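Asks: Just dropping this structure here.
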Amino acid sequence: MSVFFDLAIGTLTQGLIYALLSYGVYITYKILDFPDLTVDGSFPLGAAVTAVLLTHGFDPYLTLPVALAIGATAGLITGLIHVKLGVRDLLAGIVTMTALFSINLQIAGSNLIVERAVDTIFTARPTMAVIGALPLIYRKLIISLVMAVVFKLLLDSYLKTKNGLLLRAVGDNSLLVTTLAEDKGRLKIIGLVISNALAALAGAVVCHEQRSFSSTMGTGQVVFGLATVIIGITLFKKLGFVKGTTAVMIGSILYKASIQVAISLGLPANLLKFVTAALFLMILVVGSRQKGGLKDA
Amino acid sequence: MRRTALIIVALASVMLFASGCGGKVPTIGISQYGEHASLDNCRKGFLQGLTDAGLVEDKDYKVDYQNAGFDNAVATQIAQNFSSKGVALMCAIATPSATACFAAAEDKDIPVVFTAITDPVKAKLDKGNVTGTSDKLPVEAQLDLIRRLQPDADTIGIIYTLSEPNSVSSIAEYQAKAAAFGFAIEAIGVTQQSEVSLATDAMIAKGVDCLSNLTDNNVVCVLPSVLEKTREAGIPVYGSEVEQVKIGCVAAAGIDYFELGRQTGAIAARILKKEAKASEIPYETISEYGIYINSAALAEFAMEIPPDMSDKAIEAGN
């Protein structure tokens, strides 16, 4: 049993950490209807900055706001390229993402490892003072849970403000925004800033958790984010009381759980991605049946 | 909602079921970063090393082999899986897998034995319950080999991936040592596999006298297409290990990953037999390198192995 608990805790932790990135993709893809590829660059950007700061003895907790700020800057750049220079949404993201690959390497020098002697948010003094009695995997779970919930609530309350409502309108009915005499471009930039700040935060936490930055760690993160948003939204489409952010958080956990199940099944190693894909399909089919069944009835 | 709960229960029960399938025989979790010939050879050699040490599979140990498909996030989850199952030992092949295993093993202090890492000190894998083997290239021997096969050559071109720390540190070593052999190094860094072809064109345009390969995963994966281009341009390519010579590099002063894996397996066997702890065993660098040649490829460039080298050279071509 304890093996199962360990596995479940590890998987939950991964799902919750990466949920931060999913929130970001949720904002751009689902709310703004903006396919933003910057995330593949801003996620490792957060990790690169964190790795450098940690190895230079920076306070582990302070790396988080720094990552948020620098990720926000990346989003701002994509936004400016799109809104001010008139570059198409997809391409604007590609431009920033491509540039970030070099910038990330420039920041970190090369791939960077944070050695065990250096404290991370999971071993820092404030953490140890509160939950120091627990083993490391529980500390990782608790901190990632707290972060996933805090940022979910922050995001939920932002989306209820006037600014947040306008942001939602940009994706749903951009004409409305214009008729309200609001600047659509400014709202898009705000969305991109929030989204990439969250992606960089996710990268920072992954860096704390994995004690490493690797310049290729961003590859495929947009795809991951899109998958979790779609899995989450599909599953909870009918349930109006479940917030989008909650749905994508669960989507992220299910995604990581699918991979862990594929690993645990012990099939030939090369089948890993295939099994993962089959599990996604299963989740999506079962999830959408729910809706179709009701409609047909 | 019911169906969502169903999905969660289904996924959880598979994990529960799979996690129950452990016996008393200690399990070795092998986490390989991706699939290519050199890394596969490491794994095969590793298993051979265990056998050589008198350990019998299914009686003395079981193997749980996982492959991350060059995906760091998957490597993380594989390592977590091993840690949760409480494997007796993790064998990590290539740096990202080793980093992930070492991070996941932190809590339970499971020994990690790595292989195919060029610079374990830089990867911070030289302290703690971790040991293994480094695949640091014999750069001087390679430069010497090239000088003897191409006495008039001036420039050696090297294509490498910016994000691979192994390659970056090898490039630095090449640049530091090339002058002593009268060479200049022309290095082109790429960020992904699709750029290797462009870099090859650039190398040909720059008129380098030969190319020398590192153990760069990206470049090695598309080596056949590089060789096709260089053959047309009349530029010989030197490998860094036996597999590369097999597929058409003219020669290599390099390592045999199977042997490296075997050396790694011997270390793992000592840990499994409780003869020593991983923290007590310093990491090892392969002491013996071989001169591998591909006679057919050499003949294409009308090159010959000097007589005093020929008895040491091992034919790797067909």
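So the protein sequences, as listed, match chains A and B. So the number in my numbering is just where the residue sits in the first sequence, counting from 1, plus 591. So the number in my numbering is just where the residue sits in the second sequence, counting from 1, plus 10. Beta carbons: idealized from backbone N, C-alpha and C, even for Gly. Computed from a predicted structure; not experimentally measured.
In whole angstroms, what is the alpha-carbon distance linking L732 (chain A) and L603 (chain A)?
Replies: Position 141 of the first sequence, counting from 1, holds the residue named residue 732 (chain A). Position 12 of the first sequence, counting from 1, holds the residue named residue 603 (chain A). If I take the Cα positions, the gap works out to 7 Å.
Asks: With a threshold of 8 Å between beta-carbons, can N764 (chain A) be considered close to chain B, or not?
Replies: Reading the first sequence from its first residue, position 173 is the one you call residue 764 (chain A). No, no contact with chain B.
Asks: Hey, does L644 (chain A) have any beta-carbon neighbour from chain B nearer than 8 Å?
Replies: Taking the first residue of the first sequence as position 1, residue 644 (chain A) is located at position 53. No, L644 (chain A) lies away from the interface with chain B (no Cβ there is under 8 Å from its Cβ).
Asks: With three or more beta-carbon pairs closer than 8 Å as the criterion, would you say the region 192-199 of chain B touches the region 242-259 of chain B?
Replies: Taking 8 Å as the limit for Cβ pairs, the verdict is that the region 242-259 of chain B does not touch the region 192-199 of chain B.
Asks: Assign L758 (chain A) to one of three DSSP states: helix, strand, or coil.
Replies: Along the first sequence, read from residue 1 onward, the residue named residue 758 (chain A) stands at position 167. DSSP places L758 (chain A) in helix when its eight states are reduced to three.
Asks: Short of 7 Å Cβ to Cβ, which residues in the region 690-710 of chain A face chain B?
Replies: Within the region 690-710 of chain A, the residues whose Cβ lies closer than 7 Å to some Cβ of chain B are F692, L696, S701, N702, I704, E706 and R707, listed in chain order.
Asks: In chain A, which residues lie with their C-beta within 7 Å of the C-beta of N82 (chain B)?
Replies: As a position in the second sequence, residue 82 (chain B) is number 72, starting the count at 1. Those within 7 Å of N82 (chain B) in chain A are S805, T807 and M808.
Asks: Using 8 Å as the limit for Cβ to Cβ distance, is Y75 (chain B) near chain A?
Replies: As a first step, residue 75 (chain B) is located in the second sequence; it is residue number 65 there, counting from the start. Yes, Y75 (chain B) lies at the interface with chain A (some Cβ there is under 8 Å from its Cβ).
Asks: Closer than 6 Å by C-beta to N119 (chain B): which residues in its own chain qualify, once you throw out the five before and the five after it? Chain order, please.
Replies: Within the second sequence, numbered from 1, the residue matching residue 119 (chain B) stands at position 109. Per the sequence shown, the amino acid found at residue 119 (chain B) is Asp instead of Asn. Contacts found: N139.
Asks: Go through its chain and collect everything with a Cβ distance to P36 (chain B)'s Cβ below 8 Å, but skip five positions before and after it.
Replies: Within the second sequence, residue 36 (chain B) is the residue found at index 26, counting from 1. Closer than 8 Å at Cβ, skipping near neighbours: D70, Y71, K72, V97, A98, L99 and L282.
Asks: Considering only the beta carbon of each residue, do D117 (chain B) and L727 (chain A) sit closer than 8 Å?
Replies: Counting from one through the second sequence, the residue named residue 117 (chain B) turns up at place 107. Counting from one through the first sequence, the residue named residue 727 (chain A) turns up at place 136. Yes, these two residues count as a Cβ contact at 8 Å.
Asks: Determine the DSSP secondary structure at E238 (chain B), reduced to helix, strand or coil.
Replies: Counted from its first residue, the second sequence places residue 238 (chain B) at position 228. Helix at E238 (chain B).
Asks: Looking at C-beta atoms only, is the number of pairs between the region 654-667 of chain A and the region 801-821 of chain A that lie closer than 8 Å three or more?
Replies: The region 654-667 of chain A, when compared against the region 801-821 of chain A, does not touch it at the 8 Å Cβ threshold.
Asks: Between A126 (chain B) and K675 (chain A), what straight-line distance do the alpha-carbon atoms span, to the nearest angstrom?
Replies: Here residue 126 (chain B) refers to the residue found at position 116 when the second sequence is read from its first residue. Here residue 675 (chain A) refers to the residue found at position 84 when the first sequence is read from its first residue. For A126 (chain B) and K675 (chain A), the distance between alpha carbons rounds to 48 Å.
Asks: What do you get for G44 (chain B), buried or exposed, if any count of 16 or more other CB atoms within 10 angstroms of its CB means buried?
Replies: Translated into the one-based positions of the second sequence, residue 44 (chain B) becomes position 34. Buried, since its Cβ has 16 or more Cβ neighbours within 10 Å.
Asks: Please identify the residue among A:I874, A:Q851, A:L862 and A:V876 whose C-alpha is closest to the C-alpha of L598 (chain A).
Replies: For the purposes of this step, residue 598 (chain A) is taken as the residue at position 7 of the first sequence. Looking at the Cα atoms, A:Q851 is the closest of the given residues.
Asks: When you compare only the Cα positions, how much space is there between I672 (chain A) and L623 (chain A)?
Replies: For the purposes of this step, residue 672 (chain A) is taken as residue 81 along the first sequence, with counting starting at 1. For the purposes of this step, residue 623 (chain A) is taken as residue 32 along the first sequence, with counting starting at 1. Using only the alpha carbons, I get a separation of about 16 Å.
Asks: Chain B beta carbons: is any one of them nearer than 8 Å to that of L863 (chain A)?
Replies: As a first step, residue 863 (chain A) must be located in the first sequence, where it is residue number 272. Judged by the 8 Å Cβ criterion, L863 (chain A) is in contact with chain B.
Asks: To the nearest angstrom, report how far apart V784 (chain A) and N754 (chain A) are at their CA atoms.
Replies: For the purposes of this step, residue 784 (chain A) is identified with residue 193 of the first sequence, where counting begins at 1. For the purposes of this step, residue 754 (chain A) is identified with residue 163 of the first sequence, where counting begins at 1. C-alpha separation (whole angstroms): 14 Å.
Asks: Looking only at C-alpha atoms, which of A:F596, A:F595 and A:L607 sits nearest to G794 (chain A)?
Replies: Sequence index remark: in the first sequence, residue 794 (chain A) carries index 203 (1-based). It is A:L607 whose Cα lies nearest to the Cα of G794 (chain A).
Asks: Express the C-alpha separation of G670 (chain A) and A772 (chain A) in angstroms, rounding to a whole number.
Replies: Counting from one through the first sequence, the residue named residue 772 (chain A) turns up at place 181. Counting from one through the first sequence, the residue named residue 670 (chain A) turns up at place 79. Spanning the two alpha carbons is a distance of roughly 20 Å.
Asks: Leaving out five residues before and five after I824 (chain A) in sequence, what residues of the same chain have Cβ atoms less than 6 Å from its Cβ?
Replies: Mapped onto the first sequence, residue 824 (chain A) falls at position 233. Only A838 meet the Cβ criterion.
Asks: Determine the direct distance from the alpha carbon of L653 (chain A) to that of L57 (chain B), and round the result to whole angstroms.
Replies: If you number the second sequence from 1, residue 57 (chain B) lands on position 47. If you number the first sequence from 1, residue 653 (chain A) lands on position 62. Computed Cα separation, rounded: 45 Å.
Asks: Here's a check: name, in chain order, each residue in its chain whose Cβ is nearer than 8 Å to the Cβ of I291 (chain B), leaving out the five neighbours to either side.
Replies: Position 281 of the second sequence, counting from 1, holds the residue named residue 291 (chain B). Once the five neighbours on either side are set aside, the close Cβ partners of I291 (chain B) are T141, I277, R280 and I281.
Asks: Mind pulling the chain B residues with CB within less than 8 Å of R716 (chain A)?
Replies: Within the first sequence, the letter at position 125 stands for residue 716 (chain A). Going along chain B, no residue has its Cβ under 8 Å from R716 (chain A), so there is no contact; the nearest lies around 18 Å.
Asks: Looking only at its own chain, which residues have a Cβ that is under 8 Å from the Cβ of A163 (chain B), when we skip the five neighbours before and after it?
Replies: Taking the first residue of the second sequence as 1, we reach residue 163 (chain B) at position 153. Answer for A163 (chain B): I156, R157, F193, D219 and C220, listed in chain order.
Asks: Quick one: does L159 (chain B) have its CB under 8 Å from some CB of chain A?
Replies: Along the second sequence, read from residue 1 onward, the residue named residue 159 (chain B) stands at position 149. Output row for L159 (chain B): interface = no.
Asks: Using beta-carbon positions only, say whether G632 (chain A) and S786 (chain A) come within less than 8 Å of one another.
Replies: Within the first sequence, numbered from 1, the residue matching residue 632 (chain A) stands at position 41. Within the first sequence, numbered from 1, the residue matching residue 786 (chain A) stands at position 195. No. Outside cutoff.
Asks: Counting only beta-carbon separations shorter than 8 Å, does G606 (chain A) have a partner in chain B?
Replies: Sequence index remark: in the first sequence, residue 606 (chain A) carries index 15 (1-based). No, because no Cβ of chain B sits closer than 8 Å to the Cβ of G606 (chain A).
Asks: In the region 88-106 of chain B, which residues sit with their C-beta less than 8 Å from some C-beta in chain A, listed in chain order?
Replies: Of all residues in the region 88-106 of chain B, I88, Q90, N91, S93, S94, K95, G96, T105 and P106 have a Cβ within less than 8 Å of some Cβ in chain A.
Asks: Can you list, in chain order, the residues of the region 176-191 of chain B whose Cβ is nearer than 8 Å to any Cβ on chain A?
Replies: Result list: V178.
Asks: Does chain A have any CB closer than 8 Å to the CB of S173 (chain B)?
Replies: Here residue 173 (chain B) refers to the residue found at position 163 when the second sequence is read from its first residue. With 8 Å as the cut-off, S173 (chain B) counts as an interface residue toward chain A.
Asks: Under three-state DSSP, which class holds K95 (chain B)?
Replies: For the purposes of this step, residue 95 (chain B) is taken as residue 85 along the second sequence, with counting starting at 1. Here K95 (chain B) sits in helix by DSSP.
Asks: Does the CB of G601 (chain A) have a neighbour CB from chain B at under 8 Å?
Replies: Here residue 601 (chain A) is taken as the residue at index 10 of the first sequence, counted from 1. G601 (chain A) counts as touching chain B.
Asks: Just how far apart, CA to CA, sit A853 (chain A) and N77 (chain B)?
Replies: Here residue 853 (chain A) refers to the residue found at position 262 when the first sequence is read from its first residue. Here residue 77 (chain B) refers to the residue found at position 67 when the second sequence is read from its first residue. Computed Cα separation, rounded: 11 Å.
Asks: Touch check for the region 146-156 of chain B and the region 179-188 of chain B: three-plus C-beta pairs under 8 Å?
Replies: Yes, since at least three Cβ pairs between the region 146-156 of chain B and the region 179-188 of chain B fall closer than 8 Å, the two stretches touch.
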